[in-house]
Amino acid sequence: MTSFDDDIYLLPHVIKFWLYLVILIPSIICSLFVLYYLLFDRTLRRALNNHTIIVLIFVCLICQLTIYPWMLYFYKNDNHWYRTLTFCSIWGFIDWGLYITQAILFAWASIERHILIFHDRWVTTRKKRFYIHYLPLILLMLYCLLFYSIVYFIPFCKNFVHDYVSPCISVCSYDNHAFFLWETVVHQILPNLTIIIASITLLIRILRQKHRMRQRIQWRKHRKMTIQLLSISFLYLIFSFPNTIMILMYLCGLPYHIGYNVKIYAEFISYLVTLFFPFVCIVSLPELRKKIKRILLLRPTAISVYPETFTIKYNRNTRHIGILDNKVQ
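One point on numbering: in numbering that gives the first Met the number 0, the residue at position 164 of the sequence shown is 163, and numbering is uninterrupted.
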């Protein structure tokens, strides 16, 4: 995400600055809100389909609190910002490494939805849940973090600072054709294609099953997971997939001067995935939507009122009725 960022004629820095700033502040608030309820609501926290979402929100929040403020400062100062190689390596790792990590993890989530909806017996026991649900998530995270830690912090060649772009590092590993091919195909093209294909096939399977009488109850049970997946997949389709298409076309031999302007815009809007991700999570989770409506409308939590129960004793001699006990149930 660094090659075309220095063209300020097609996308002036003032436009980037204000667009990112306007979206960034509410996006951070939404990330904190979603993360809070997914972690502290026991039902939401224990749902297997929310575990990957929690990790992705964490990734979004890290990016929102680091690289986006850095980009705003860079655009505000019109490229005049001297940075060290260490700082630029951290920026590059968060900017590109976590972006790819997010795409790969959601690609796995797209596949896992098929398991959770159509093969839920695979995760009925603790052992099965570990191997089918937790282990792939852990391995993919470790792979991505280790891979990009080597690329940015302990490369086999020498990275250098590129002062005139926002992620101010030029990665020498991309000069190796084998590395470039692996990183482009496996880390960029394959995850986005997986998200699109898995989402389309899930929708087709759901529609087929929904029209069967015996599957109506099952559809209601898994509707939330399906809507959540399709909503986030639509986000990737709009903001990330165009950049993937351009990368694929260049990899297939398209000259770089063709579609140069399109690539600049496609790369620019790909940064919006992280900013809009929390909003899509709220829209796709009805529990969070209800909480937000209650907060915005300032509706107090309903207080249950129960009748008081009295224990009454009747004295035959004095014909007096006395209240001996007063309890609130």
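Ideal placement from N, C-alpha and C gives every residue a C-beta, glycine not left out.
In the DSSP output, what is residue i paired with across the bridge?
i	result
V272	BP columns for V272 are empty, so no partner.
F159	S169
Nearest to residue i by alpha carbon, out of the options?
i	options	result
C143	L180, L104 and R120	L104
K262	N242, F276 and I281	N242
F275	L60, R45 and L202	L60
Q63	R41, Y19 and W181	Y19
I153	M140, S172, L138 and W107	S172
S283	P254, I199, S232 and D40	S232
N49	R112, T65 and I149	R112
S148	V170, L134, I52 and I27	V170
I226	P68, L202 and Y67	L202
S181	V33, F146 and T200	Going by the sequence as given, residue 181 is Trp instead of Ser. The candidate whose alpha carbon is nearest that of W181 is F146.
P135	M224, N175, L47 and H256	L47
I137	C251, V54 and F178	V54
C251	L206, I195, N260 and V184	V184
Mapping DSSP to helix, strand and coil, what is residue i?
i	result
S283	helix
N191	helix
S239	coil
G258	coil
D77	coil
L229	helix
C251	coil
F16	helix
R82	coil
V164	coil
T51	helix
P68	helix
L10	coil
R204	helix
I216	With a pLDDT of 47 at I216, under the threshold of 50, the modelled position of this residue cannot be trusted; read the value that follows with caution. Residue state, collapsed to three classes: helix.
By Cβ distance below 8 angstroms, which residues in the same chain neighbour residue i in space, the five residues on each side in sequence not counted?
i	result
Y36	L43, E286, L287 and K290
K349	The requested residue 349 does not occur in the structure, where the chain is confined to residues 0 to 328.
M0	Since pLDDT at M0 reaches only 44, below the 50 mark, its modelled position is unreliable, and the value read off the structure follows with that caveat. Cβ neighbours of M0 beyond the five flanking positions: D94, W95, Y98, P166, E266, S269 and Y270.
I168	T1, L84, C87, S88, W90, G91, Y151, N158, F159, V160 and H161
L10	I263, Y264 and F267
Only counting the same chain, and skipping five residues up and downstream in sequence, which positions put a Cβ closer than 7 angstroms to that of residue i?
i	result
F73	W80 and S165
V272	L234, Y235, F238 and S239
S198	S109, L228, L229 and S232
I281	C29, V33, L287, R288 and I291
M224	N48, R112, L115 and I116
Counting only C-beta atoms, is residue i closer than 9 angstroms to chain E at any point?
i	result
H113	In the structure shown, chain E does not exist; there is a single protein chain.
List the endpoints of the continuous alpha helix (DSSP H) containing residue i.
i	result
R45	R41 to R45
F117	L97 to F117
T183	H176 to T183
V150	L134 to F152
D125	Note that residue 125 is Arg in the sequence shown, not Asp. Per DSSP, R125 belongs to the alpha helix (DSSP H) from R125 to R128.
Please go through the same chain and pick out, in chain order, the residues whose beta-carbon is closer than 6 angstroms to the beta-carbon of residue i, but skip the five residues on each side of it.
i	result
H221	I116
M70	S165
P190	A102, I103 and A106
I131	W121 and V122
I114	W121
M140	none
F278	C29
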